[in-house]
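Enquirer: In the working numbering, the protein residues as written are 35 to 350.
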Ligand SMILES: [Zn+2]
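The following block contains the structure:
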């Protein structure tokens with residue numbers, strides 16, 4: 035074989051098609067968007083004769099301003115940069131799109147499922163006196179559950195039975211208490227399904243109320259992730275599939291956390307000074323009447339909650 039190797043002759047260059055999927059974590063949406071706008075400003079647009087380069091630029095800027103993080107990344111990412119110069123190959127064409135941009139969307143008609151009372155009479159209206167799960171809140175929580183379930187099943191596919199301490203490559207299960215780090219793929223698949231079960235409650239117009247410790251952890255993480263989606267700007271008016279009026283209870287994660295769960299004992303598993311508290315034989319556990327929170331008990335239904343169908347499937 036000569037320098038060209040097996041595939042290339044002088045007359046007839048071989049075309050190779052690569053597939054690249056890039057997972058990107060957006061840490062600062064405002065910074066990302068301003069970087070994208072700067073890039074557009076600095077780029078010389080090659081246009082056909084008769085086309086207005088400035089108008090094209092303005093169109094791209096508007097896409098970045100009104101779009102989500104995906105639109106901003108598309109303005110910054112150039113697939114042609116992937117092939118270095120002088121390596122004997124050149125990019126000739128590319129397709130670059132956004133597969134998902136983390137923004138909530140989809141799902142059932144939350145306006146119909148979670149109709150709220152807006153009379154505001156807290157003295158005589160039980161509904162207004164208590165916490166109401168509003169359509170936007172339900173929608174964000176549902177979206178958070180979708181993302182977290184996906185991450186859980188991704189982790190199982192990537193890492194199987196590995197301990198969480200064996201690699202840094204975790205999307206979800208490194209957020210769990212340390213006592214769960216050594217659990218296997220079977221356990222993690224059940225933990226991931228907890229998010230789907232709670233999302234299913236929301237799809238039926240019901241509060242996501244945990245029926246086992248695994249679901250308590252799932253609700254805790256859904257509330258936490260829902261809040262961060264709002265803070266990071268991943269939830270925007272565009273993504274809101276709700277026509278309902280703004281309500282005081284919208285996005286009240288603290289109150290939601292209080293009304294969905296029976297208690298927050300499970301959070302003590304994050305406290306490393308309370309080592310062993312998960313074990314019902316331990317003194318600490320008995321003092322607060324915590325019950326069995328060892329990982330082996332996480333998917334055993336609580337006695338005072340309806341049981342889920344044991345034959346229900348896993349999403350994957
Ligand atoms: Zn009312």
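Note that beta-carbon positions come from the ideal geometry of N, C-alpha and C, so glycine has one too.
For chain C, is any of its Cβ atoms less than 9 Å away from the one on residue 295?
Expert: Looking at the structure shown, chain C is missing, and only one protein chain is on hand.
Enquirer: Under 7 Å, CB to any heavy atom of ligand 1. Which residues pass, going along the chain?
Expert: Spelled out in chain order, the answer is 151, 152, 153, 154, 155, 159, 161 and 162.
Enquirer: Just tell me which of 195, 212, 190 and 219 has its CA closest to the CA of residue 205.
Expert: Sequence index remark: in the chain shown, residue 205 carries index 171 (1-based). It is 190.
Enquirer: Taking one C-beta from the region 212 to 228 and one from the region 194 to 201 each time, how about it: are there three or more such pairs within less than 8 Å?
Expert: Because the criterion of three Cβ pairs below 8 Å is met, the region 212 to 228 and the region 194 to 201 touch.
Enquirer: Do the region 154 to 165 and the region 175 to 184 make contact, defined as three or more Cβ pairs closer than 8 Å?
Expert: No, they do not touch.
Enquirer: On the DSSP letters alone, give me the boundaries of the alpha helix (DSSP H) that residue 198 sits inside.
Expert: Numbered from its first residue, the chain shown carries residue 198 at position 164. Note, residue 198: premise wrong, no alpha helix (DSSP H); not H, not E.
Enquirer: Just checking, does the region 92 to 104 make contact with the region 141 to 151 on the three C-beta pairs under 8 Å criterion?
Expert: Counting Cβ pairs under 8 Å, fewer than three are found: no touch.
Enquirer: Quick one, are the C-beta atoms of residue 339 and residue 246 less than 9 Å apart?
Expert: Position 305 of the chain shown, counting from 1, holds the residue named residue 339. Position 212 of the chain shown, counting from 1, holds the residue named residue 246. Yes, they are a contact pair.
Enquirer: Could you tell me whether the region 81 to 92 touches the region 63 to 73, using the rule of 3 or more Cβ pairs below 8 Å?
Expert: The region 81 to 92, when compared against the region 63 to 73, does not touch it at the 8 Å Cβ threshold.
Enquirer: Can you tell me where the alpha helix (DSSP H) holding residue 257 begins and where it ends?
Expert: In the chain shown, the residue the question calls residue 257 occupies position 223. From DSSP, the alpha helix (DSSP H) with residue 257 extends over 247 to 265.
Enquirer: Between which residues of its own chain and residue 267 is the CB-CB distance below 6 Å, once the five residues before and five after are set aside?
Expert: Along the chain shown, one-based indexing puts residue 267 at 233. For residue 267, where only same-chain residues beyond five positions count, the Cβ hits under 6 Å are 63.
Enquirer: Buried or exposed for residue 98, going by 16 or more other Cβ atoms inside 10 Å?
Expert: To locate residue 98, count along the chain shown from 1; it is residue 64. With 16 or more other Cβ atoms within 10 Å, it is buried.
Enquirer: Using a Cβ-Cβ cutoff of less than 7 Å, which residues in the same chain neighbour residue 213 once the five nearest sequence positions on both sides are dropped?
Expert: Position 179 of the chain shown, counted from the start, is the residue given in the question as residue 213. 303, 312 and 329.
Enquirer: Spatial neighbours of residue 36 within its chain, please: C-beta separation below 7 Å, excluding the five flanking residues on both sides.
Expert: The residue you call residue 36 lines up with position 2 of the chain shown. Only weak support is given to the placement of residue 36: the predicted model assigns it a pLDDT of 43, under 50, and the value that follows is read from those uncertain coordinates. Excluding sequence neighbours, residue 36 sits near nothing in its chain.
Enquirer: Residues in the same chain with beta-carbon distance under 7 Å from residue 70, minus the five sequence neighbours each way, listed in chain order, please.
Expert: Walking along the chain shown from the start, residue 70 turns up at place 36. The residues are 98, 106, 109 and 110.
Enquirer: Grouping DSSP H, G and I as helix and E and B as strand, with all else coil, what is residue 120?
Expert: The sequence position of residue 120 within the chain shown is 86, counting from 1. Residue 120: coil per DSSP, three-state reduction.
Enquirer: Closer than 7 Å by C-beta to residue 95: which residues in its own chain qualify, once you throw out the five before and the five after it? Chain order, please.
Expert: As a first step, residue 95 must be located in the chain shown, where it is residue number 61. Here the set comprises 71 and 74.
Enquirer: How would you label residue 347, buried or exposed, when you count the other beta carbons within 10 angstroms and need 16 or more for buried?
Expert: Taking the chain shown and counting its residues from 1, one reaches residue 347 at position 313. Exposed, since its Cβ has fewer than 16 Cβ neighbours within 10 Å.
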